[in-house]
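**Q** This is the structure I have questions about; it appears just below.
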Amino acid sequence: MVAERVVSPVFVGRGEESAALAAALDTAVGQGPAVALVAGEAGIGKSRLLAEFARSLGPGVRVAEGACAELGSDGLPYAPFVTVLRRLIRLDGVLPGPYRQLARWFPGLGEPGDAEGGKHRLYEEILTLIERVAADRPLVVLIEDLHWADAATRELLGFLARNLTQPGVLLAITHRPPGPGDGQLGPLLAELSRRPRTTSLRLERLDRRGVARQLAAILGAEPGPDTVRRVHARSEGNPLFVEALARAGERTPDSLRDLLLYGPRSLPGPARDLLGVASVAGGRAGHRLLARVSGKDGAELDALLRELVDRSLLLTAQDGYDFRHALIRHVVYEDLLPGERARLHARYAEALDGTGAHAELAAHAHAAGDHRTALTAAFHAAAQARASYAYEEQVRMLEQVLQLWDPGVPLGCDRVGVLTEAAQACMLSGDYARGIGYAGAGLAAVDERREPARAAQLLEHRGRLRHRLDGTGVTDWEQALRLLPASAAAMPAAMPAAVQRGQLLGVLAMGLLPEEERARSSFEEALAIGRRTGDATVTIRGLLGVASMTGDLALLAEARTLAARLDGHDLLMTVPMYEATLHTKAGEHHRAAEAARDGIRHARRYGLGRSRGAELARYAGRSLILAGRWQEAETLLRESLQEDPPPLSRHALLVLSGHLSLLRGDVPAAARAAADAEAAASAEHSGSASLFPRHQLLCLLAVAQGDPERADLLLERALADPALARVYSSDARPVLIAGALVQRARLAAGPGREPRRRVARRQAELAAADAALGVDGRLDRAWQVMLHALLGDAGWDEAAKAWQELGQPYELALSLFHGARAALEAGDRPAATARLGQAATLAADLGAGPLARDIALLGRPRPATGGLTEREHDVLRLIAEGLSNRLIAARLHISPSTAGVHVSHILAKLGASTRTEAAAIAFREGLTGDGQTGEGLTGPSTA
Numbered sequence: 010m011v012a013e014r015v016v017s018p019v020f021v022g023r024g025e026e027s028a029a030l031a032a033a034l035d036t037a038v039g040q041g042p043a044v045a046l047v048a049g050e051a052g053i054g055k056s057r058l059l060a061e062f063a064r065s066l067g068p069g070v071r072v073a074e075g076a077c078a079e080l081g082s083d084g085l086p087y088a089p090f091v092t093v094l095r096r097l098i099r100l101d102g103v104l105p106g107p108y109r110q111l112a113r114w115f116p117g118l119g120e121p122g123d124a125e126g127g128k129h130r131l132y133e134e135i136l137t138l139i140e141r142v143a144a145d146r147p148l149v150v151l152i153e154d155l156h157w158a159d160a161a162t163r164e165l166l167g168f169l170a171r172n173l174t175q176p177g178v179l180l181a182i183t184h185r186p187p188g189p190g191d192g193q194l195g196p197l198l199a200e201l202s203r204r205p206r207t208t209s210l211r212l213e214r215l216d217r218r219g220v221a222r223q224l225a226a227i228l229g230a231e232p233g234p235d236t237v238r239r240v241h242a243r244s245e246g247n248p249l250f251v252e253a254l255a256r257a258g259e260r261t262p263d264s265l266r267d268l269l270l271y272g273p274r275s276l277p278g279p280a281r282d283l284l285g286v287a288s289v290a291g292g293r294a295g296h297r298l299l300a301r302v303s304g305k306d307g308a309e310l311d312a313l314l315r316e317l318v319d320r321s322l323l324l325t326a327q328d329g330y331d332f333r334h335a336l337i338r339h340v341v342y343e344d345l346l347p348g349e350r351a352r353l354h355a356r357y358a359e360a361l362d363g364t365g366a367h368a369e370l371a372a373h374a375h376a377a378g379d380h381r382t383a384l385t386a387a388f389h390a391a392a393q394a395r396a397s398y399a400y401e402e403q404v405r406m407l408e409q410v411l412q413l414w415d416p417g418v419p420l421g422c423d424r425v426g427v428l429t430e431a432a433q434a435c436m437l438s439g440d441y442a443r444g445i446g447y448a449g450a451g452l453a454a455v456d457e458r459r460e461p462a463r464a465a466q467l468l469e470h471r472g473r474l475r476h477r478l479d480g481t482g483v484t485d486w487e488q489a490l491r492l493l494p495a496s497a498a499a500m501p502a503a504m505p506a507a508v509q510r511g512q513l514l515g516v517l518a519m520g521l522l523p524e525e526e527r528a529r530s531s532f533e534e535a536l537a538i539g540r541r542t543g544d545a546t547v548t549i550r551g552l553l554g555v556a557s558m559t560g561d562l563a564l565l566a567e568a569r570t571l572a573a574r575l576d577g578h579d580l581l582m583t584v585p586m587y588e589a590t591l592h593t594k595a596g597e598h599h600r601a602a603e604a605a606r607d608g609i610r611h612a613r614r615y616g617l618g619r620s621r622g623a624e625l626a627r628y629a630g631r632s633l634i635l636a637g638r639w640q641e642a643e644t645l646l647r648e649s650l651q652e653d654p655p656p657l658s659r660h661a662l663l664v665l666s667g668h669l670s671l672l673r674g675d676v677p678a679a680a681r682a683a684a685d686a687e688a689a690a691s692a693e694h695s696g697s698a699s700l701f702p703r704h705q706l707l708c709l710l711a712v713a714q715g716d717p718e719r720a721d722l723l724l725e726r727a728l729a730d731p732a733l734a735r736v737y738s739s740d741a742r743p744v745l746i747a748g749a750l751v752q753r754a755r756l757a758a759g760p761g762r763e764p765r766r767r768v769a770r771r772q773a774e775l776a777a778a779d780a781a782l783g784v785d786g787r788l789d790r791a792w793q794v795m796l797h798a799l800l801g802d803a804g805w806d807e808a809a810k811a812w813q814e815l816g817q818p819y820e821l822a823l824s825l826f827h828g829a830r831a832a833l834e835a836g837d838r839p840a841a842t843a844r845l846g847q848a849a850t851l852a853a854d855l856g857a858g859p860l861a862r863d864i865a866l867l868g869r870p871r872p873a874t875g876g877l878t879e880r881e882h883d884v885l886r887l888i889a890e891g892l893s894n895r896l897i898a899a900r901l902h903i904s905p906s907t908a909g910v911h912v913s914h915i916l917a918k919l920g921a922s923t924r925t926e927a928a929a930i931a932f933r934e935g936l937t938g939d940g941q942t943g944e945g946l947t948g949p950s951t952a
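Dropping the structure here:
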């Protein structure tokens with residue numbers, strides 16, 4: 010019997026897409042590694058497109074393919090890459106030795122290496138292997154069904170896309186379009202689609218003509234118009250459904266399920282039974298496994314499989330078989346009776362026992378109702394996932410262990426141990442809120458008096474998770490240290506206790522910063538413990554802390570060397586934060602920016618741009634702004650915000666972006682950034698140092714919006730924050746500078762004896778706050794000089810000299826501007842002109858619009874009357890008092906319309922765009938007649 014044709018031998022309706030894939034390969038060969046994303050609904054022909062493309066390539070191009078496997082609620086870790094790499098190893102003829110981490114997956118490569126380098130060493134080995142295979146001819150890597158990919162597969166794919174450099178490599182990927190709830194796949198697709206050599210294809214449904222061509226190829230004859238119309242209407246142009254309907258005759262199945270079951274139900278009994286067995290596998294089923302579960306072998310099994318393959322229900326897949334489409338597998342599986350499904354799952358579990366396929370065994374045992382086996386297998390699967398650095402998969406398997414928990418099943422670990430592992434895995438996967446729950450559940454089950462070390466470990470995990478989530482965590486670490494006193498850790502046999510105490514001291518001290526006096530002893534003890542025990546993690550944390558307080562860059566270099574050897578990236582990306590901080594305090598902004606940007610490159614290389622990369626972008630962005638590299642800062646901030654960073658990082662980046670907009674004169678953009686930062690700050694705990702740049706931004710923004718009294722209220726809120734005395738003085742002093750600028754704006758907007766008294770009181774508060782602060786490096790010393798100049802309106806030359814030495818062009822221009830104003834008031838126009846010329850050049854080069862405008866206004870020749878008539882002087886004095894046109898008219902006994910005309914003339918003559926700006930000019934140029942002068946209300950570039 011010859012099987013009827015089900016799949017069209019002619020590839021229909023995808024000519025443009027096939028040409029686009031060929032062009033993508035040409036790009037990969039000619040320009041560098043490329044990516045092709047093929048999206049489409051289930052049954053639309055994504056796999057067929059890639060298969061036809063691969064067949065068209067010929068022997069001059071190598072092809073390796075793998076598919077993400079759907080098993081339970083998530084895919085198997087690295088499933089497609091294991092298949093791809095097995096093929097590449099055969100192609101490359103790899104000898105044992107060079108691939109020590111890959112040997113964990115492929116024992117034929119030799120003895121596995123130790124954990125040094127961890128996941129990033131594994132990824133580098135995979136990258137090296139792919140590029141070696143592609144060195145002599147193009148390589149196409151096909152990854153199917155990315156929508157089922159686990160987190161580890163997504164991370165590795167992103168790493169390869171970012172870091173491949175060998176020309177001739179094309180990554181071709183199929184996926185279903187992500188829906189509203191598919192948040193895991195969306196960020197990766199967005200990143201891939203933004204890459205310069207990415208081709209994105211969306212497969213659409215066939216039109217009626219395409220359906221007719223597909224039917225003709227399947228049936229071997231031209232279908233009638235009625236048949237084409239009926240099949241097109243019922244299938245809606247989906248090629249898979251067209252195949253199912255091609256021989257359905259006049260009777261159209263009532264549902265999609267019936268439609269897809271039409272072929273399977275027409276099979277003879279033995280073949281239909283075998284198809285049901287294959288559906289329970291959950292994905293590709295190896296030939297031997299299928300034989301064991303079905304109870305058939307030899308010629309009988311081959312004959313049944315041949316029939317299923319000929320009918321295009323199954324496809325051969327290396328040493329096994331898979332369904333031609335997942336939808337067919339789903340409906341065949343659902344068509345089984347519940348008892349049939351349970352028995353077949355039990356057979357799969359029996360066949361998989363002892364094979365090392367723990368995740369598959371857990372899934373089948375659980376579906377069969379064998380919870381004892383499922384529990385044990387899930388526990389071992391979690392250990393496998395951790396060894397492969399697939400931390401989200403580890404969390405998923407540990408969650409299954411907890412759900413199935415049975416104290417009678419020997420695992421070598423109790424429930425608290427599983428909760429501890431789950432909390433630690435959440436730290437590594439980035440699921441901080443979930444990890445806090447696991448740690449809390451573990452603490453609730455532990456008696457800290459009987460097991461203080463265990464309770465301390467859970468407290469350490471929970472503290473770190475909380476610190477990452479919202480900046481808290483110190484109380485957990487302090488409680489943990491009380492459970493591990495120094496006396497117990499110092500005993501000769503207490504090495505583990507000493508290491509644990511050292512780890513706690515390190516994280517506690519980091520959390521206590523910037524309160525250096527509280528943190529100092531913890532850092533020093535951690536470093537001593539690390540040196541004594543040889544524990545790298547403890548040593549690194551101690552080195553970072555001591556270096557931050559002593560400014561010793563050699564200690565940071567040692568920390569970097571040690572961190573590069575660890576299994577993981579966390580501390581390796583913490584080092585550049587400390588480097589950037591020390592360089593910034595010393596006023597070495599270019600070095601600070603490069604240290605932070607190096608960390609960002611590392612973070613993005615390993616798919617951590619959204620988390621650690623965004624955190625580092627705050628350090629780089631601030632340094633670039635201070636160094637006057639505003640365009641680079643804008644680009645960096647925009648790119649980092651596009652990564653959708655966590656709330657704390659998002660808040661800091663928005664504040665920096667708002668500051669930069671304000672310096673450039675884009676007040677609406679600054680207001681939007683400030684509003685967004687306010688929303689993001691809901692995750693920030695009170696007392697955080699990162700709140701103070703926001704205080705500064707809000708104060709200066711209110712001034713720019715013409716509301717200095719609101720600015721002063723915002724300043725009052727900042728001064729009342731008790732954290733002002735605890736944060737680094739270099740974080741607090743810029744807020745005081747903003748406050749001093751606010752007071753000048755208040756004087757300009759509201760002259761008179763009472764406003765002056767209020768301003769004087771606030772200036773005294775600012776001076777007192779400054780006196781209570783120390784001086785934290787050269788940058789902070791320069792801030793202090795500038796603050797004193799603003800409060801006393803003297804010492805501008807000293808301030809300019811400080812900024813000249815630090816290479817901060819904006820602050821230098823601002824100080825020169827104020828020095829020029831003071832020189833004009835003293836009658837020294839030549840000195841003022843020289844300062845204004847230098848300041849104008851700096852402001853123009855930066856694109857500092859408001860400051861450039863103030864400089865231009867101050868440099869204008871000023872007639873004694875300011876070019877105003879006597880009546881216009883009267884009106885200007887009333888404008889400066891804040892009176893409206895109606896009140897001006899009443900005071901001068903003129904009509905409101907006449908007052909309006911005078912106001913218009915005044916604005917035109919002064920070159921002012923608003924009444925507030927006219928008042929500021931009047932005070933600055935002495936046109937109000939009360940002896941007060943003002944200046945531009947611009948602020949420092951610090952963030």
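Just so you know, we're using this note's numbering here: the sequence shown kicks off at 10 and counts up by one. Every residue, glycine too, gets a C-beta built ideally from N, C-alpha and C.
If you check the beta carbons only, do L212 and G52 fall under 7 angstroms apart?
**A** Working through the sequence shown from its first residue, we reach residue 212 at position 203. Working through the sequence shown from its first residue, we reach residue 52 at position 43. The answer is no: Cβ separation not under 7 angstroms.
**Q** Once DSSP output is grouped into helix, strand and coil, what is the label at R71?
**A** Along the sequence shown, one-based indexing puts residue 71 at 62. The answer is strand: DSSP assigns R71 an E or B state.
**Q** For Q110 and A143, which I take to be in contact (beta-carbon distance under 8 angstroms), what is that distance rounded to the nearest angstrom?
**A** Counted from its first residue, the sequence shown places residue 110 at position 101. Counted from its first residue, the sequence shown places residue 143 at position 134. Not a contact, Cβ separation roughly 20 angstroms.
**Q** Check each candidate in R301, I897, A741 and L284 and name the one with the smallest Cα separation from Y320.
**A** The sequence position of residue 320 within the sequence shown is 311, counting from 1. Here the sequence assigns Arg to residue 320, which means Tyr is not the residue at that position. Closest option to R320, Cα to Cα, is L284.
**Q** Could you check the C-alpha separation between V751 and R869 for me, to the nearest Å?
**A** Residue numbering aside, residue 751 sits at position 742 when the sequence shown is read from its first letter. Residue numbering aside, residue 869 sits at position 860 when the sequence shown is read from its first letter. Between V751 and R869, the C-alpha separation is close to 25 angstroms.
**Q** Fully enclosed by the stretch 299-334, which beta strand (DSSP E) runs are 3 residues long or longer?
**A** Runs of the beta strand (DSSP E) inside the stretch 299-334: 323-326 and 329-332.
**Q** Work out the CA separation of R726 and H694 for me, nearest whole Å.
**A** Numbered from its first residue, the sequence shown carries residue 694 at position 685. Numbered from its first residue, the sequence shown carries residue 726 at position 717. With a pLDDT of only 48 at H694, under 50, the local geometry of the prediction cannot be trusted, and no value is derived from it.
**Q** Starting from E369, trace the alpha helix (DSSP H) in both directions and tell me its first and last residue.
**A** Here residue 369 refers to the residue found at position 360 of the sequence shown. Run containing E369: H367 to A377, per the alpha helix (DSSP H) assignment.
**Q** Is L276 helix, strand or coil when you go by DSSP?
**A** Numbered from 1 along the sequence shown, position 267 holds the residue referred to as residue 276. L276: coil per DSSP, three-state reduction.
**Q** Among the residues of its own chain, which have a CB less than 7 angstroms from the CB of L228, if the five just before and after it don't count?
**A** As a working note, residue 228 is residue 219 in the sequence shown. A255.
**Q** Tell me, please, which residues DSSP counts as bridged to T207.
**A** On the sequence shown, residue 207 is found 198 positions in, with the first residue counted as 1. According to DSSP, T207 bridges with V44.
**Q** Excluding five sequence neighbours on each side, which residues of the same chain lie with their C-beta closer than 8 angstroms to the C-beta of T325?
**A** Within the sequence shown, the letter at position 316 stands for residue 325. Excluding positions up to five away in sequence, the list reads V318.
**Q** Starting from the Cα of I538, find the closest Cα among L148, L514 and M519 and give me that residue.
**A** Residue 538 sits at position 529 when you count from the first residue of the sequence shown. It is L514 whose Cα lies nearest to the Cα of I538.
**Q** Buried or exposed for T559, going by 16 or more other Cβ atoms inside 10 Å?
**A** By one-based count along the sequence shown, residue 559 stands at place 550. Label assigned to T559: exposed.
**Q** For T548, which residues of its own chain have a beta-carbon under 7 angstroms away from its beta-carbon, when the five flanking residues on both sides are left out?
**A** For the purposes of this step, residue 548 is taken as the residue at position 539 of the sequence shown. The answer, listed in chain order, is L536, G539, R540 and L571.
**Q** First and last residue of the alpha helix (DSSP H) that includes I445?
**A** The sequence position of residue 445 within the sequence shown is 436, counting from 1. Where I445 is concerned, the enclosing alpha helix (DSSP H) stretches over Y441 to A453.
**Q** Suppose the cutoff is 7 angstroms on Cβ atoms and the five residues either side in sequence are ignored; what does the same chain contact list for L923 look like?
**A** Against the sequence shown, residue 923 aligns to sequence position 914. Contrary to the premise, residue 923 reads as Thr rather than Leu in this sequence. Same-chain partners within the cutoff: G715.
**Q** Counting pairs of Cβ atoms below 8 angstroms between the stretch 167-182 and the stretch 200-209, do you hit three or more?
**A** Verdict: yes, contact present.
**Q** Hey, how far is the Cα of S438 from the Cα of Y400?
**A** One-based indexing of the sequence shown puts residue 438 at position 429. One-based indexing of the sequence shown puts residue 400 at position 391. Computed Cα separation, rounded: 5 angstroms.
**Q** From the DSSP output, in three-state form, read off T878 for me.
**A** To locate residue 878, count along the sequence shown from 1; it is residue 869. Three-state DSSP puts T878 in coil, outside helix and strand.
**Q** Among the residues of its own chain, which have a CB less than 6 angstroms from the CB of R569, if the five just before and after it don't count?
**A** Taking the sequence shown and counting its residues from 1, one reaches residue 569 at position 560. Counting only Cβ-Cβ distances below 6 angstroms, and skipping sequence neighbours, we find V584.
**Q** Would you call the stretch 666-685 and the stretch 843-859 touching, i.e. three or more CB-CB distances under 8 angstroms?
**A** Contact holds: three or more Cβ-Cβ distances are below 8 angstroms.
**Q** Quick check on C708: buried or exposed, where buried means 16 or more other Cβ atoms within 10 Å of its Cβ?
**A** For the purposes of this step, residue 708 is taken as residue 699 along the sequence shown, with counting starting at 1. C708 comes out buried.
**Q** L165 and L194 look like a contact to me (Cβ under 8 angstroms); what is the Cβ gap, rounded to whole Å?
**A** The residue you call residue 165 lines up with position 156 of the sequence shown. The residue you call residue 194 lines up with position 185 of the sequence shown. Incorrect: roughly 14 angstroms between the Cβ atoms, too far for contact.
**Q** How many angstroms separate the CA atom of L564 from the CA atom of A612?
**A** Taking the first residue of the sequence shown as 1, we reach residue 564 at position 555. Taking the first residue of the sequence shown as 1, we reach residue 612 at position 603. If you take the alpha carbons of L564 and A612, they lie about 22 angstroms apart.
**Q** Tell me the DSSP secondary structure of A181 in three-state form.
**A** Within the sequence shown, the letter at position 172 stands for residue 181. Note: A181 maps to strand in three-state DSSP.
**Q** Buried or exposed, going by whether 16 or more other CB atoms sit within 10 Å of the CB of G458?
**A** Taking the sequence shown and counting its residues from 1, one reaches residue 458 at position 449. The residue asked about is misnamed: residue 458 is Arg in this sequence, not Gly. Flag for R458 reads exposed.
**Q** With distances taken from CA atoms, which of I135, F20 and L428 is nearest A225?
**A** As a working mapping, residue 225 is identified with position 216 in the sequence shown. Among I135, F20 and L428, the Cα nearest to that of A225 is on F20.
**Q** Please report the straight-line C-alpha distance between V341 and L276, rounded to a whole angstrom.
**A** Here residue 341 refers to the residue found at position 332 of the sequence shown. Here residue 276 refers to the residue found at position 267 of the sequence shown. About 12 angstroms.
**Q** Counting only runs that start and end within the stretch 102-158, where is the alpha helix (DSSP H) found for 4 or more residues in a row?
**A** Listed in chain order, the complete alpha helix (DSSP H) runs (minimum 4 residues) inside the stretch 102-158 are 127-142.
**Q** Rounded to whole angstroms, what's the CA-CA distance from T542 to R742? Just pull it up for me.
**A** Working through the sequence shown from its first residue, we reach residue 542 at position 533. Working through the sequence shown from its first residue, we reach residue 742 at position 733. Roughly 41 angstroms between the two C-alpha positions.
**Q** Can you tell me the Cβ-Cβ gap for L796 and Q772, rounded? I've got them flagged as a contact below 8 angstroms.
**A** One-based indexing of the sequence shown puts residue 796 at position 787. One-based indexing of the sequence shown puts residue 772 at position 763. Their Cβ separation, rounded to whole angstroms, is 10 angstroms, which puts L796 and Q772 out of contact at 8 angstroms.
**Q** With DSSP as the reference, identify every bridge partner of G295, one or two as the case may be.
**A** Your numbering for residue 295 matches position 286 in the sequence shown. Paired residue(s): G329.
**Q** Just mark T878 as buried or exposed, buried being the case when its beta carbon has 16 or more other beta carbons within 10 Å.
**A** Taking the first residue of the sequence shown as 1, we reach residue 878 at position 869. Answer is exposed; the Cβ neighbour count stays below 16.
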